[in-house]
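The sequence shown begins at 10 in my numbering and counts up by one.
Using N, Cα and C, we set each Cβ at its ideal position, and we do this for glycine too.
Presented below is the structure to which this report refers.
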Amino acid sequence: MKLGIIGCGNMAGSMLTQMLVNGFVQKEDVMASAYHEKRRKQLRERYGIAVTDDNVEVAQDADILLIGVKPQEYRNIIMEIRSVVKPETLVIAIAVGVTMDGIKDLFGKPVKLTRAMPNIAAQVGEGVTGFCTNFYVTDEDKEIIVHALESFGKAIEVAEKDLEVVSSIGSAAPAFVYIMIEALADGAVAEGLKRDLAYQFASQMVLGSGLLVRDGGIHPGTWKDMVCSPGGTTIEGVSVLEEKGFRSALIQAIRACVKKSHTVADQ
10 MKLGIIGCGN MAGSMLTQML VNGFVQKEDV MASAYHEKRR KQLRERYGIA VTDDNVEVAQ
70 DADILLIGVK PQEYRNIIME IRSVVKPETL VIAIAVGVTM DGIKDLFGKP VKLTRAMPNI
130 AAQVGEGVTG FCTNFYVTDE DKEIIVHALE SFGKAIEVAE KDLEVVSSIG SAAPAFVYIM
190 IEALADGAVA EGLKRDLAYQ FASQMVLGSG LLVRDGGIHP GTWKDMVCSP GGTTIEGVSV
250 LEEKGFRSAL IQAIRACVKK SHTVADQ
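Shown next as structure tokens:
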């Protein structure tokens, strides 16, 4: 299985790390392209993979072709490689606002296409990736795709119309969580706790709470109610969050991300 990567930035690099760790591919079967020699050197030294500045070289031999460039770059990249992409190549596109129909039209021919939206937690093998496939992807192809995506976390198939929402809650929202962790730690530090301990407690709390929602089969509101004892400290804190619009702010933030994603490709 030969993996080609065009646009091996932070996200694609995180995916590649776990693909190698989990044995989905071997380093000798991976080739990535990068415009700058400095980046090619970094990829070569970090992963031990073949690197080039030629996108065509990457695309022509790939069984799976991962395209991780910015949405605005898709047209130029696909126009460059479309003549060498084989009918059996599985193309995985990582970009907001770029539709499968739009990508297929750029190729100008049938292509086995997957749109995937992973998140930064792929770096530690705990990512969540929403994905959708087009008509040309067979059941056998999809097994390969899921195997690839699950090498760095959980893969969930969704309708393409939902992919921008999935991207916002899965890929953008980690930034909101990091802000929350930092703020929680700041509050603890303000009350005298050492910062390193504050970050340990806050981050582990988020990890454990997420696992309970994911695996516990219980509505998150129910978990919240279980923690909030009558007249206790937790409900006091919850009342402050409600007063300050915490819930509403998160809702509005997700909706703002979705709105922005619909315009990114046109910028």
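Three-state class that DSSP yields for residue i in the structure shown
i           : result
residue 141 : strand
residue 75  : strand
residue 256 : helix
residue 162 : strand
residue 188 : helix
residue 178 : helix
residue 219 : helix
residue 210 : helix
residue 242 : helix
residue 93  : coil
residue 168 : coil
residue 266 : helix
Beta-ladder partner(s) of residue i, from DSSP
i           : result
residue 42  : 15, 61
residue 123 : 101, 142
residue 230 : Answer is none; residue 230 lacks a bridge partner.
residue 136 : 162
Short Cβ contact (8 Å threshold) for residue i with residue j
i           : j           : result
residue 161 : residue 23  : yes
residue 131 : residue 183 : no
residue 34  : residue 12  : yes
residue 73  : residue 10  : yes
residue 134 : residue 27  : yes
residue 71  : residue 60  : no
residue 173 : residue 105 : yes
residue 109 : residue 143 : yes
Buried or exposed (CB count within 10 angstroms, at least 16 for buried), residue i
i           : result
residue 121 : buried
residue 249 : exposed
residue 128 : buried
residue 322 : In the structure as shown, the chain starts at 10 and stops at 276, and residue 322 therefore has no counterpart that could be examined.
residue 186 : exposed
residue 222 : exposed
residue 25  : buried
residue 98  : buried
residue 204 : exposed
residue 20  : buried
Pairwise C-alpha distance: residue j and residue i
i           : j           : result
residue 171 : residue 139 : 9 Å
residue 84  : residue 91  : 10 Å
residue 107 : residue 273 : 9 Å
residue 234 : residue 141 : 35 Å
residue 154 : residue 164 : 9 Å
residue 265 : residue 255 : 15 Å
residue 244 : residue 251 : 10 Å
residue 176 : residue 237 : 31 Å
residue 40  : residue 58  : 6 Å
residue 62  : residue 227 : 50 Å
residue 115 : residue 88  : 7 Å
residue 96  : residue 67  : 15 Å
Residue i Cβ short of 7 Å to the ligand NAP heavy atom set
i           : result
residue 195 : The model depicted lacks the ligand NAP and carries no ligand whatsoever.
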